[in-house]
Amino acid sequence: MAPLDAHLSPQLQQAVVTGLFVAIGWIVVAAQTRRRDAALRRARETDLQRALLAEIRAHVFALEQQTPTPEDAALLIARMATGDFVPTLPQHANDRIFGAVIADIHILPAPIIDPIVLYYRLLSIMGALATDLRRIARNDPPRAAQMMADYLSLMEETRDTGIQAIRVLTESLQGGAEAVNRMLDADETASAAQMAQRLPAELAQMRDRLAARDVSSRSSDRRDR
């Protein structure tokens, strides 16, 4: 007699064994599904990152070519202030890929999302500013010249933000989110070190300016007397 025959009927034993196999099958299928979904998610993350990297890199390269030197920027702004020059500005932002994948941006690792979104936000502001600048360039040259100065400054900020997004995406594709976190931590440490190195000199300059201002103030008081 089987050990369980004294407690369970053969039919009940068969039902228990059948239920056990079904439960094990569910567990195995669930595990396989999770692995498959994780693999699909990783593949989707990689595809998104490669596409965004290509778009950002192409436009950052264009921004580097378009950014004028300080001397050329000053000349450009001065010419705009006279009202006899309207520069050619891009009509459309380079954000087609971002616009197509924005609904899935949340699946990317958290450290990657912020620099990407910030870059495209600045790109959108650049486009809006360019539209306003073209609209008023002929009618209000002084204001257009000031807007051009803001536009050029924004162009540099967008380029620098794009370079950071490229660094983050490249690091993520090579080593994942952990590699990105290590890179950002290293950047923060280097920035703090540079600030600590500059701070004594900046404080000394501030003290010199305050001392010079104090001397000038005392001299002025003596003259008034």
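Basically this note's numbering = 1-based index in the sequence shown + 756. For each residue, glycine too, the CB sits at the ideal point set by N, CA and C. Quick caveat, the model's predicted, so the values are computed rather than measured.
Separation of residue j from residue i, as counted between CA atoms
| i | j | result |
| --- | --- | --- |
| Arg-877 | Gly-781 | 48 Å |
| Ile-861 | Ile-869 | 7 Å |
| Asp-896 | Leu-889 | 10 Å |
| Val-840 | Glu-827 | Position check: residue 840 holds Asp in this sequence, whereas Val was assumed. Those two C-alpha atoms are separated by around 19 Å. |
| Thr-838 | Leu-874 | 34 Å |
| Leu-929 | Val-778 | 40 Å |
| Asp-964 | Thr-917 | 35 Å |
| Met-882 | Asp-851 | 12 Å |
| Glu-934 | Thr-802 | 15 Å |
| Thr-774 | Ile-783 | 14 Å |
| Pro-871 | Gln-770 | 59 Å |
| Leu-959 | Leu-864 | 42 Å |
| Tyr-907 | Arg-894 | 17 Å |
Residue burial classification, residue i (beta-carbon count within 10 angstroms, cutoff 16)
| i | result |
| --- | --- |
| Met-757 | For Met-757, the predicted structure reports a pLDDT of 42, less than 50, and the residue's modelled location is therefore unreliable. A value from the coordinates is still provided. Exposed is the call here. |
| Gln-805 | buried |
| Gln-961 | exposed |
| Glu-912 | exposed |
| Glu-944 | exposed |
| Ile-892 | exposed |
| Met-903 | buried |
| Glu-811 | buried |
Residue i - DSSP class collapsed to helix/strand/coil
| i | result |
| --- | --- |
| Arg-894 | coil |
| Val-842 | coil |
| Met-757 | Here the model assigns Met-757 a pLDDT of 42, short of 50, so the residue's position is not dependable and the matter cannot be decided. |
| Leu-864 | coil |
| Thr-982 | As displayed, the chain neither begins before 757 nor continues past 981, which places residue 982 out of reach and without an answer. |
| Thr-823 | coil |
Boundaries of the alpha helix (DSSP H) in which residue i is found, first to last residue
| i | result |
| --- | --- |
| Ala-856 | 852-857 |
Test: residue i CB closer than 8 Å to a CB of chain C
| i | result |
| --- | --- |
| His-815 | Within the model displayed, chain C is absent; a lone protein chain is all it includes. |
Distance cut-off 7 Å: residue i Cβ against heavy atoms of the ligand COA
| i | result |
| --- | --- |
| Val-873 | Absence of the ligand COA from the depicted structure is noted, as is the absence of any ligand whatsoever, leaving it without description. |
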